[in-house]
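J.: Can you keep this structure in mind? I'll have questions shortly.
In my numbering, the protein residues as written are 7 to 412.
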């Protein structure tokens, strides 16, 4: 039967090829739309694993930039943040700083570079990170030595930094511009769904989906970058105060110190991100729905017309011992082949597209996306077989043998 289906499709390749092209484009648009929808869900989940959605991201607006890490400026920012705690304007104040660590201090050697984030205690306590192995508990204790810093690593780095192992790394001290040695011990491997803030932007979650390779460590040294205070702060407000009043008091404190502060909640950032993707999602899914519907109607019409012109062919098969059910299976096989080949081509094409041209969009065509698209394909197959099934059931054997239709 499979060989017969193949030969039948080869004999009518021009007709089947047109249908395949239509369905391939339709399934590609469908897969892209579903990937975009799942991207929104993953984006929200990635943020929720780091902090609650009512957490406030505050950033300081500096017209002259933050390139130079002036000590006075860092002290100024640090002093304001200290006042926030002393005046009980915040429940928790999370801060983090990005730095790079190397496996060798020798400038002549080729060094492996890794991004490491140091988190203050509040950042660690605010997070709800999912681990596939190990525990976050060691990070919540104070670091007493640079020779034994507990860290967790992202899933993408679990082969480079193995659970339970200790590694000697080096970082450049911002004050002395010299390499300092530290020893990290991997106490946990994060789940593959966990990402982390890239940092240094007015929207703290910007490009979070692309940040997959990182190390998280408790604060083992003072923050050295003004940018860390200006852009990498997350605030949880006291429960006993209204949010609006608390935010106004925080803004007033910064203004009293000559600083212009702006803030957004993480939920606001999610809403903004969703809004920016809405047009693409609606456009691709609508296009996919219309194209698949038109292709489906065209497929049904083409199959019905094909059946009408294939009485001679069916008569030959019937005379060779085929039954009516065999004829139905032949037509069903052709329909399934058209949809199946189109779906496979669309899946491969979409995978390549997402991995190359759309790599910065952080889209993921995971098993769930393919499964949903596959279910939609099955529904399309079922709908396209109803009319041909009725048509074939009405054909009498004598009509096949004579090669005429009613």
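For each residue, glycine too, the CB sits at the ideal point set by N, CA and C.
#1: Starting from the Cα of residue 299, find the closest Cα among 100, 22, 29, 9 and give me that residue.
#2: So, helix, strand or coil for residue 101, using DSSP?
#3: Do you know offhand how far residue 264's Cα is from residue 226's?
#4: Spatial neighbours of residue 375 within its chain, please: C-beta separation below 7 Å, excluding the five flanking residues on both sides.
#5: What residue range is occupied by the uninterrupted beta strand (DSSP E) comprising residue 125?
#6: Considering residue 188, what are the terminal residues of the beta strand (DSSP E) in which it resides?
#7: Between residue 105 and the rest of its own chain, which residues show a CB-CB distance below 6 Å, the 5 nearest in sequence each way excluded?
#8: Identify whether residue 160 lies in helix, strand or coil by the three-state DSSP scheme.
#9: Going along the chain, which residues of its own chain have a beta-carbon closer than 7 Å to the beta-carbon of residue 218, five neighbours each way excluded?
#10: Excluding the 5 residues flanking residue 394 on each side, which residues of the same chain have their C-beta closer than 7 Å to its C-beta?
#11: Check the DSSP bridge columns for residue 67 and list the partner residues they point to.
#12: Give me the residue from 389, 27, 192 with the minimum Cα distance to residue 307.
#13: Give me the DSSP bridge partner(s) of residue 140.
#14: Look at residue 190 and residue 155 and say whether their C-beta atoms are less than 8 Å apart.
#15: State the DSSP-derived secondary structure class of residue 394, mapped to helix, strand or coil.
#16: In chain order, what residues of the same chain have a beta carbon less than 8 Å from the beta carbon of residue 87, not counting five sequence neighbours either side?
#17: Leaving out five residues on either side along the sequence, give the residues of the same chain with a beta carbon under 6 Å from the beta carbon of residue 5.
#18: Using DSSP bridges, identify the partner residues of residue 48.
#19: With the cut-off set at 8 Å, would you say residue 142 and residue 242 are in Cβ contact?
#20: Terminal residues of the continuous alpha helix (DSSP H) containing residue 401?
#21: Can you list, in chain order, the residues of its chain whose CB lies under 7 Å from that of residue 360, leaving out five sequence neighbours each side?
T.: Working from what's here:
#1: Here the closest residue by C-alpha is 29.
#2: Strand.
#3: Approximately 30 Å, taken between the alpha carbons.
#4: Taken in chain order, the residues that qualify are 37, 40, 41, 44.
#5: In this chain, the beta strand (DSSP E) harbouring residue 125 covers 119–125.
#6: Taken as a continuous stretch (DSSP letters only), the beta strand (DSSP E) holding residue 188 covers 185–196.
#7: Excluding the 5 residues flanking it on each side, residue 105 has same chain C-beta neighbours closer than 6 Å at 122, 177, in chain order.
#8: Residue state, collapsed to three classes: coil.
#9: Excluding residues within five positions, the ones whose Cβ falls inside 7 Å are 160, 162, 201.
#10: So the list reads 309, 310, 313, 337, once near-sequence residues are dropped.
#11: Beta-bridge partners assigned by DSSP to residue 67: 266.
#12: Closest option to residue 307, judged by alpha-carbon separation, among 389, 27, 192: 389.
#13: Note: residue 140 is bridge-paired with 194 in the DSSP secondary-structure output.
#14: Yes, these two residues count as a Cβ contact at 8 Å.
#15: Three-state DSSP puts residue 394 in a helix.
#16: In the same chain as residue 87, and ignoring 5 residues on each side of it, the C-beta atoms closer than 8 Å to its own belong to 99, 101, 235, 239, in chain order.
#17: In this structure the chain extends from 7 to 412, so residue 5 is not present and cannot be described.
#18: As DSSP reads the structure, residue 48 sits in no beta bridge.
#19: No, the Cβ-Cβ distance between residue 142 and residue 242 is not below 8 Å.
#20: Where residue 401 is concerned, there is no enclosing alpha helix (DSSP H), because DSSP gives it neither an H nor an E.
#21: A distance below 7 Å between beta-carbons, with the five flanking residues on each side excluded, links residue 360 to the following residues of its chain, in chain order: 41, 369, 371.
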